[in-house]
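So for the sequence shown, my numbering puts the first residue at 1457; every next one is plus one. Where is the CB? At the ideal position from N, CA and C, for every residue including glycine.
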Amino acid sequence: WRERTFSRGVSNGAKAAQKVAVVGNCQSFGYAFALKLFEPALVVDRYPLVAPGLTDLKTLRAALADYDLVFSQDFGPRILRDNATSEALFADLPGVIRLPTINFYGFHPDTIHLLDPTKGNRFILGPAGVYHSAFALFGHLAGFSIDQTEALFTHEAFDFVGYLDVWPSAVEEVLRAGQSVGMKLDGAIARWARGRAFMYTPTHPRPQVLFDIARLAMDKAGLKAQPLDTDDYAVDDLSRDHILPVYPPLAEHYGLRGSTVLKLAHYSFSKGVGEMMALKDFIARSFAHYGERTREQLVHERVDQWLGDAETKRALALLSAEELKRRALAR
1457 WRERTFSRGV SNGAKAAQKV AVVGNCQSFG YAFALKLFEP ALVVDRYPLV
1507 APGLTDLKTL RAALADYDLV FSQDFGPRIL RDNATSEALF ADLPGVIRLP
1557 TINFYGFHPD TIHLLDPTKG NRFILGPAGV YHSAFALFGH LAGFSIDQTE
1607 ALFTHEAFDF VGYLDVWPSA VEEVLRAGQS VGMKLDGAIA RWARGRAFMY
1657 TPTHPRPQVL FDIARLAMDK AGLKAQPLDT DDYAVDDLSR DHILPVYPPL
1707 AEHYGLRGST VLKLAHYSFS KGVGEMMALK DFIARSFAHY GERTREQLVH
1757 ERVDQWLGDA ETKRALALLS AEELKRRALA R
């Protein structure tokens, strides 16, 4: 009875559970969770590659050789110790089922990343981690006050810099990501966009996005996904990280409810519940961070173009002044 009760071996002709590995970035937990949810009999392990580490291609390849199925997102150099990329892994393991990395700026067009050219293009961290505001950086470098910078978050300013027109190009980026791994995501995007933003940040999707793509990947692998309501099981690892608002001018343009509250990353289970920031506080903290940097460190193509074009700089200053005047008259 002990063997019958406690043995993990396979007996009576039962089929051994398939072992599945999921390799990828911060989105890989959602993919791995979805695979396990849709087929509970799978043994699913995740191999996160989210930052430069000590693993090299040989070690990763050896670890993955023991799995029946390997799903993987693409990754570039500077992730593995030997700078090998996903192309090298796929060449060694031709049966890998590729998963797309979903980046979508349609809800957060003002969000930018800053890379420090004086330190090997390492990410510059601000009050919201790697997520910065182009308007905040512009305001700081242009000599705007915090109030003047906050006054740029209007329909008129968003329209002037093109933020209200980013949707088509953002959709195209997702479609290309799907096509690169042999998946058609046209219908999925329309479904995800019903009623609310389907991204927490430009690089962090809501669970439904990863659930739907995992179903497509399972189909490619010959696995059957059990029918169920994924909302009942939506364990959401990415929601513990930063959540950026869809600012009101853009939200109104899309017919959504907007916000100016940023949620900061909070991973620990403790007495506190984490920290939130209003837009004005985010700008103020960003200014404080930028004040500790040199101009040579604070570079971004879009912002530098705004600063380098006298007409653009003058127009943004005028739009800010008009908004501040409107607010003063409304008091």
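Beta-bridge pairing of residue i - partner residues as DSSP gives them
{"i": "Val1478", "result": "Arg1502, Phe1527"}
{"i": "Arg1554", "result": "Ser1528"}
{"i": "Arg1578", "result": "Asp1572"}
{"i": "Met1655", "result": "Pro1661"}
{"i": "Thr1750", "result": "Partner(s): none; Thr1750 has no beta bridge."}
{"i": "Val1630", "result": "None; Val1630 has no bridge partner."}
{"i": "Lys1719", "result": "Ile1699, Met1732"}
{"i": "Thr1567", "result": "Ser1589"}
Where residue i falls, given that 16 or more other Cβ within 10 Å makes a residue buried
{"i": "Gln1761", "result": "exposed"}
{"i": "Leu1641", "result": "buried"}
{"i": "Gly1480", "result": "buried"}
{"i": "Gly1465", "result": "Because Gly1465 carries a pLDDT of 47, less than 50, the predicted location of this residue cannot be relied on, and the following value inherits that uncertainty. So Gly1465 ends up on the exposed side."}
{"i": "Leu1770", "result": "Leu is not the amino acid found at residue 1770; the sequence shown has Arg there. Exposed: under 16 other Cβ atoms inside 10 Å."}
{"i": "Lys1680", "result": "exposed"}
{"i": "Val1526", "result": "buried"}
{"i": "Phe1485", "result": "buried"}
{"i": "Ala1626", "result": "buried"}
{"i": "Asp1668", "result": "buried"}
{"i": "Thr1574", "result": "exposed"}
{"i": "Ser1528", "result": "buried"}
{"i": "Gly1643", "result": "exposed"}
{"i": "Gly1634", "result": "buried"}
{"i": "Gln1483", "result": "buried"}
{"i": "Leu1700", "result": "buried"}
{"i": "Val1617", "result": "buried"}
{"i": "Ala1766", "result": "exposed"}
{"i": "Leu1794", "result": "Look at the range of the chain in this structure, 1457 to 1787, and you will see that residue 1794 is not part of it."}
{"i": "Leu1772", "result": "buried"}
{"i": "Ala1490", "result": "buried"}
{"i": "Arg1787", "result": "exposed"}
Own chain partners of residue i with C-beta closer than 6 Å, once the 5 adjacent residues on each side are dropped
{"i": "Ile1568", "result": "His1588, Ala1590, His1756"}
{"i": "Thr1750", "result": "none"}
{"i": "Leu1441", "result": "Past the edges of the chain, shown from 1457 to 1787, lies residue 1441, and the structure says nothing about it."}
{"i": "Glu1779", "result": "Ala1607, Thr1610"}
{"i": "Lys1676", "result": "Ile1553"}
{"i": "Trp1457", "result": "With a pLDDT of only 38 at Trp1457, under the threshold of 50, the placement of this residue in the model should not be trusted, and no figure is reported."}
{"i": "Gly1728", "result": "none"}
{"i": "Thr1686", "result": "Phe1667"}
{"i": "Leu1510", "result": "Arg1537"}
{"i": "Phe1579", "result": "Val1586"}
Distance CB(residue i)-CB(residue j) smaller than 8 Å
{"i": "Leu1720", "j": "Gly1730", "result": "yes"}
{"i": "Phe1494", "j": "Ala1670", "result": "yes"}
{"i": "Pro1658", "j": "Tyr1619", "result": "no"}
{"i": "Arg1502", "j": "Ala1521", "result": "no"}
{"i": "Ile1558", "j": "Ala1673", "result": "no"}
{"i": "Tyr1703", "j": "His1596", "result": "no"}
{"i": "His1722", "j": "Arg1758", "result": "no"}
{"i": "Glu1629", "j": "Phe1560", "result": "yes"}
{"i": "Val1499", "j": "Val1476", "result": "yes"}
{"i": "Arg1662", "j": "Tyr1656", "result": "yes"}
{"i": "Asp1512", "j": "Asp1538", "result": "yes"}
{"i": "Ala1800", "j": "His1660", "result": "Residue coverage of the chain in this structure runs from 1457 to 1787, which leaves residue 1800 outside it and unanswerable."}
{"i": "Gly1678", "j": "Trp1623", "result": "no"}
{"i": "Val1524", "j": "Gln1474", "result": "Sequence inspection shows Asp at residue 1524; the Val mentioned does not correspond to that position. Their beta carbons are under 8 Å apart, which means Asp1524 touches Gln1474 by this criterion."}
{"i": "Pro1637", "j": "Leu1555", "result": "Before going further, note that residue 1637 is Val rather than Pro in the sequence given. Taking 8 Å as the Cβ cut-off, Val1637 and Leu1555 qualify as a contacting pair."}
{"i": "Leu1763", "j": "Ala1598", "result": "yes"}
{"i": "Pro1496", "j": "Ile1535", "result": "no"}
Chain-order list of residues whose beta-carbon lies under 7 Å from that of residue i (same chain, five-residue window excluded)
{"i": "Trp1648", "result": "Phe1654, Gln1664, Val1665"}
{"i": "Thr1541", "result": "Phe1531, Gly1532, Pro1533"}
{"i": "Ala1740", "result": "Ile1602"}
{"i": "Phe1546", "result": "Val1552"}
{"i": "Asp1693", "result": "Phe1485, Gly1486"}
{"i": "Phe1614", "result": "Leu1620, Pro1705, Leu1706"}
{"i": "Phe1462", "result": "Only weak support is given to the placement of Phe1462: the predicted model assigns it a pLDDT of 44, under 50, and the value that follows is read from those uncertain coordinates. Answer for Phe1462: no residue qualifies."}
{"i": "Ala1544", "result": "Leu1513"}
{"i": "Lys1492", "result": "Leu1498, Val1500"}
{"i": "Leu1505", "result": "Val1479, Gly1480, Asn1481, Phe1531, Ile1535"}
{"i": "Arg1782", "result": "none"}
{"i": "Arg1652", "result": "Leu1712"}
{"i": "Gln1682", "result": "Phe1494, Glu1495"}
Own chain, CB closer than 8 Å to residue i, minus 5 neighbours either side, in chain order
{"i": "Met1732", "result": "Val1717, Leu1718, Lys1719, Leu1720"}
{"i": "Glu1708", "result": "His1611, Gly1714"}
{"i": "Leu1593", "result": "Ile1568, Leu1570, Ser1742, Tyr1746, Leu1754, His1756, Val1759"}
{"i": "Phe1738", "result": "Pro1583, Ala1584, Ser1589, Ala1592, Leu1718"}
{"i": "Asn1792", "result": "A query on residue 1792 cannot be resolved here, the shown segment of the chain reaching from 1457 to 1787 and no further."}
{"i": "Glu1752", "result": "Pro1573, Thr1574"}
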